[in-house]
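Under this note's numbering, the residues of the sequence shown are numbered 1 to 234, in order.
Where a beta carbon is used, it is the ideal one built from N, C-alpha and C, also for glycine.
All remarks here apply to the structure that follows.
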Amino acid sequence: MSQVPTDLYLFVTINAYLLDRDGINFYIHSVLSCALEAEILKYVAEAYPKGSCSVYCTNGKDVEEPGSDFELLVVIAAARLSPQNFCNGSWRTIWNIEFKDDIQKLELNGKLLVGAHYFEEGNVQLDTKHECRDSTMFQCVNNKCSDLMLPMLLELMCEYRIRSPDDTAISVANLIRRHETAYMASLEVVFDISDNTFKDLRRKLPITRTLFPWRNTRQFSLKREISEELGIGK
């Protein structure tokens, strides 16, 4: 006889007493929060080696009846401080995830905050804010889980479309990954324009590779050259 995973037993046990007789609707915000935090931790470990993250339930955590809406907040932060190299940078993202029980939908509202400061030969700062929205449906248990469950239990869960917090957490984490990756790519395009395109608009260094003597510009005085050409002052 196959064994049912301990976490599945825990999931069913915790939520069994919260059955909604109109649709067998489990109240699972706490389980989803844990599953989502696990997925976000994986993502942050890959994308931000020195980053940190956390998931909070900001609305609905004290509701005791099934079929209720709730909101989760995902916070991701990473910073790289290197004053000895004259540069500092930070990345902060805040994702508000609102669950609509009546339509079984999760709505995401993200705010991405990026800051950078470079001060080796000047004082250049970047302070940007980007907002985005997306949504996903709450994922239900499917037959792919058959090797992890008792056949009868799987059939029951599929019949009543019991929601799968793990699959939903993966879906939400993938949306966050996609939006943050796209925004990072757009920032890289901007910096590429700054480093290359704008430089192409400037006159190249002469063959001597000598910088323009900004501190001694009198020798290039346009007024003096014009005066000499016109014979003024002679």
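In this structure, does DSSP put residue i in helix, strand or coil?
| i | result |
| --- | --- |
| I103 | coil |
| F236 | For residue 236 there is no data in the structure shown, the boundaries of the chain being 1 and 234. |
| Y56 | strand |
| D192 | helix |
| E39 | helix |
| N123 | coil |
| Y118 | strand |
| S235 | Only positions 1 to 234 of the chain appear in this structure, which leaves residue 235 out of reach. |
| L230 | helix |
| S239 | No information on residue 239 is available, as it lies outside the stretch 1 to 234 that the chain covers here. |
| S186 | helix |
| S171 | helix |
Measuring alpha carbon to alpha carbon, tell me which residue in the options is nearest residue i.
| i | options | result |
| --- | --- | --- |
| E121 | C87, R133, M184, I170 | C87 |
| G89 | R80, W95, N96 | R80 |
| N123 | L32, A185, I103, P83 | P83 |
| L187 | K129, R133, V74, I97 | K129 |
| F138 | D127, I103, S52, K111 | I103 |
| A78 | V44, V31, N109, C57 | V44 |
| A173 | V189, T136, D192 | T136 |
| H179 | C57, N109, A169, V190 | N109 |
Please report the distance separating the alpha-carbon of residue i from that of residue j.
| i | j | result |
| --- | --- | --- |
| P49 | A116 | 18 Å |
| R92 | V114 | 6 Å |
| Y244 | D101 | As shown, the chain starts at 1 and ends at 234. That puts residue 244 outside it, with no answer to give. |
| A182 | S68 | 33 Å |
| I176 | G60 | 22 Å |
| L36 | D167 | 9 Å |
| E107 | E98 | 5 Å |
| A38 | R133 | 22 Å |
| G51 | K42 | 11 Å |
| S171 | N85 | 39 Å |
| G231 | E225 | 10 Å |
| A185 | E229 | 53 Å |
Less than 8 Å between the CB atoms is what I'm expecting for residue i and residue j, so what's the real figure, rounded?
| i | j | result |
| --- | --- | --- |
| I40 | V55 | 6 Å |
| S30 | L72 | With a Cβ gap of about 10 Å, S30 and L72 do not count as contacting. |
| K105 | E131 | So it is not a contact: roughly 20 Å between Cβ atoms. |
| F70 | C57 | 6 Å |
Should residue i be listed as close to the ligand SAH, given that the test is whether its C-beta is under 8 Å from any heavy atom?
| i | result |
| --- | --- |
| N88 | Of ligands this structure carries none, so the ligand SAH is not represented either. |
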